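Novice:
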Amino acid sequence: MQTKGKIQKAYSAQQALVSYIHKQIRTNHKDHQNCLFACFLSQEEPKTISQALQDESWVEAMQEELLQFKLQKVWVLVDLPYGKKVIGTKWVFRNKRDERSIVVKNKARLVAQGFRQEEGIDYDEVFAPVARIEAIRLFLAFASYMGFTVYQMDVKSAFLYGTIEEEVYVHQPPGFVDPAHPNKVYKVIKALYGLHQAPRAWYETLSSFLMENGFRRGTIDKTLFIKKKKSDIMLVQVYVDDIIFGSTKKSMCTEFEDCMHKRFQMSSMGELTFFLGLQVKQQPDGIFISQDKYVADILKKFDFLSIRTATTPIESNKPLVKDEDGVDVDVHVYRSMIGSLMYLTASRPDIMFAVCACARFQVTPKASHLNAVKRIFRYLKHQPKLGLWYPRDSPFELEAYSDSDYGGASLDRKSTTGGCQFLGRRLISWQCKKQTIVANSTTEAEYVAAANCCGQVLWIQNQMMDYGFNFMNTKIHIDNESTISVIKNPVAHSRTKHIEIHFHFIRDCYEKRLIEVIKIHTDSNVADLLTKGFDVTRFNFLVVSIGLLNL
1 MQTKGKIQKA
11 YSAQQALVSY
21 IHKQIRTNHK
31 DHQNCLFACF
41 LSQEEPKTIS
51 QALQDESWVE
61 AMQEELLQFK
71 LQKVWVLVDL
81 PYGKKVIGTK
91 WVFRNKRDER
101 SIVVKNKARL
111 VAQGFRQEEG
121 IDYDEVFAPV
131 ARIEAIRLFL
141 AFASYMGFTV
151 YQMDVKSAFL
161 YGTIEEEVYV
171 HQPPGFVDPA
181 HPNKVYKVIK
191 ALYGLHQAPR
201 AWYETLSSFL
211 MENGFRRGTI
221 DKTLFIKKKK
231 SDIMLVQVYV
241 DDIIFGSTKK
251 SMCTEFEDCM
261 HKRFQMSSMG
271 ELTFFLGLQV
281 KQQPDGIFIS
291 QDKYVADILK
301 KFDFLSIRTA
311 TTPIESNKPL
321 VKDEDGVDVD
331 VHVYRSMIGS
341 LMYLTASRPD
351 IMFAVCACAR
361 FQVTPKASHL
371 NAVKRIFRYL
381 KHQPKLGLWY
391 PRDSPFELEA
401 YSDSDYGGAS
411 LDRKSTTGGC
421 QFLGRRLISW
431 QCKKQTIVAN
441 STTEAEYVAA
451 ANCCGQVLWI
461 QNQMMDYGFN
471 FMNTKIHIDN
481 ESTISVIKNP
491 VAHSRTKHIE
501 IHFHFIRDCY
511 EKRLIEVIKI
521 HTDSNVADLL
531 TKGFDVTRFN
541 FLVVSIGLLN
551 L
């Protein structure tokens, strides 16, 4: 509890500090605002409600959250009806940071303990679509080609806008129990965070509002909303409560912001710089996507800041094996390292194969496997700032590369599928996966890889139709002539009875002229990067060819 005297004293001290900073010569320093933030924001996240109640910053954050509940009329205080159960609530405290890890906001979120809900009683349908990471890269690739700026906004307490149909009761928030009615509970009217049906309720509210205002939903990607006016197009991509948008006409963006502000409480964040862990740098000649902040964080987390570097993420002539006689290592640390690296593959295809190879030994990792993971970190220390470059002057034609390493998995001799898809010189998606079957020949392994690549090409083709592009005869580059012959020549089909039927859809795609298979020399096949390890010369060539740069 704060007395009036304490509050007035703290306020006077804050005003004096602000006044002093403003009088300094360094007022125009780029970190001036961040300095002010650091003065009045808590730098630590409390673990318990009692710790949070002792800090003015977190008390204010909790009061701001409850104010949103009052404004949105989330709940009403009632007596618990006979026979009804009540769900607990919990405070979650998080520091919001920018791309430089500077705390910019203390966020307190009150969540319901949804694990106590019973299906069929407390909720029914819960599914809500979420944008794929490939869809985000596709959005940015289109923006770089069209040359428009991408903006970002955030909905304050987004889930509170969704209305639920079920009858749900929750306890009063810890630390904020009504002293006049301590035994009453809240009947939830809106979709409180933590409830199973909350994401679906919010998505339905937002999508209905957008479609009422002239947008149409994407045919394939239901989180993409499109609005066209003559030759101009407005695109909105939704990831839960984070929204990115852009248009070929600036006034359409302004209209959209005004429209959203009238219906929801929004935080306009200006140009897109940081989204889903991706750092986005928008320049006149293109867009650069990287995760160098995250690389620095995981190097620090696992204490690899002072290790020596490596020029490649995996040794080319030393495949990983079970190593049953090897020394056991901490399985939790190993899995944590693999999970951290998996998240990094959203913008770093150069480590994709190495991470996937190490991820196969998470059940009983040995010292040799841990050394292989450490080598990936050593490579990241050597190249921390590599990222995807989407140049504006590149053409906008869809093409793909497919490759396979026959019998590459040393454990079971299954082959490894590699594939990547480009829009011009913009790398949109990539795959590295061990095949589910043991291939009887290089042709079968390459054929399975080509079928997987074709499936991804079809998804991009359908997705791009919402953008106004109709790609036909998409070129898939394959370095195996026998595979091309099986796809093209019906005479060869009788020799492929041993190949599982669901891979043969690539033949239909070729006959319908959805794809075109092109022979490419092995040395020029950039998908090779995703199938095996290489020496430093070959590896660096493939990294540059795939579109990874260091800006």
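Per full-length UniProt numbering, residue 1 is the first one in the sequence shown, and the count goes up by one each step. All C-beta atoms, glycine included, are put in the ideal place defined by N, C-alpha and C. Computed from a predicted model, the values in this text were never measured in an experiment.
1. Report the rounded CA-to-CA distance for residue 390 versus residue 144, giving the unit in angstroms.
2. Starting from the Cα of residue 398, find the closest Cα among 404, 458, 357, 384 and give me that residue.
3. Below 8 Å on the Cβ atoms is my contact criterion, and I expect residue 150 with residue 223 to pass it. Report the Cβ-Cβ distance as a whole number of Å.
4. Since residue 295 is in the alpha helix (DSSP H), which residue starts that stretch and which ends it?
5. Within 10 Å of its beta-carbon, does residue 211 have 16 or more other beta-carbons around it, so buried, or fewer, so exposed?
6. Would you kindly check if the distance between the Cβ of residue 246 and the Cβ of residue 202 is under 7 Å?
7. When we look at the beta-carbon of residue 439 and count the other beta-carbons within 10 Å, is it buried (16 or more) or exposed?
8. Hey, how far is the Cα of residue 167 from the Cα of residue 473?
9. By alpha-carbon positions, which one of 551, 77, 256, 153 ends up nearest to residue 272?
10. Along the chain, where does the alpha helix (DSSP H) containing residue 479 start, and where does it finish?
11. Apart from the five residues on each side of it in sequence, which residues of its chain come closer than 8 Å, Cβ to Cβ, to residue 385?
12. Helix, strand or coil, according to DSSP, for residue 160 in the structure here?
13. Which same chain residues end up closer than 8 Å to residue 170 when comparing Cβ atoms and leaving out the 5 residues on each side of it in sequence?
14. Which whole-angstrom value describes the C-beta separation of residue 532 and residue 405, a residue pair presumed to lie in contact below a C-beta threshold of 8 Å?
15. For residue 80, which option in 182, 45, 244, 227 has the closest C-alpha, if you only look at C-alpha atoms?
16. Would you tell me roughly how many angstroms separate the C-alpha atoms of residue 545 and residue 100, rounded to the nearest one?
17. On the premise that residue 72 lies in contact with residue 195, defined as a C-beta separation below 8 Å, what is that separation, rounded to the nearest angstrom?
18. Taking the straight line between their C-alpha atoms, what separation do you get for residue 35 and residue 268?
19. I need the straight-line Cα distance from residue 38 to residue 319, nearest angstrom please.
20. Taking DSSP as the reference, what is the three-state secondary structure of residue 50?
21. CA-CA distance, residue 218 and residue 178?
22. Can you have a look at residue 284 and say buried or exposed, based on whether 16 or more other CB atoms are within 10 angstroms of its CB?
23. Do you know offhand how far residue 45's Cα is from residue 517's?
24. So, helix, strand or coil for residue 30, using DSSP?
25. Do residue 141 and residue 426 come within 7 Å of each other at the CB atom, strictly closer than that value?
26. Quick one: Cα of residue 382 to Cα of residue 174, how far?
27. DSSP three-state call for residue 219: helix, strand or coil?
28. If you follow the beta strand (DSSP E) that residue 106 is part of, which residue opens it and which one closes it?
Specialist: In brief:
1. 6 Å
2. 458
3. About 15 Å; that fails the 8 Å criterion.
4. 292–301
5. exposed
6. no
7. buried
8. 53 Å
9. 153
10. First-last for residue 479: undefined, no H or E at that position.
11. 290, 292, 295, 550, 551
12. helix
13. 75, 86, 87, 88, 89, 112, 185, 186, 188, 192
14. 5 Å
15. 182
16. 29 Å
17. That pair is no contact at about 14 Å.
18. In this predicted model, residue 35 has a pLDDT of only 48, less than 50, meaning its place in the structure is not dependable enough to derive any value.
19. With a pLDDT of only 49 at residue 38, under 50, the local geometry of the prediction cannot be trusted, and the value read off the model is given with reservation. Computed Cα separation, rounded: 48 Å.
20. helix
21. 46 Å
22. exposed
23. 55 Å
24. Because the pLDDT of residue 30 is 46, which lies under 50, any placement of that residue in the model is unreliable, and the number read from its coordinates should be weighed accordingly. If DSSP states are grouped into helix, strand and coil, residue 30 belongs with coil.
25. yes
26. 48 Å
27. coil
28. 103–112
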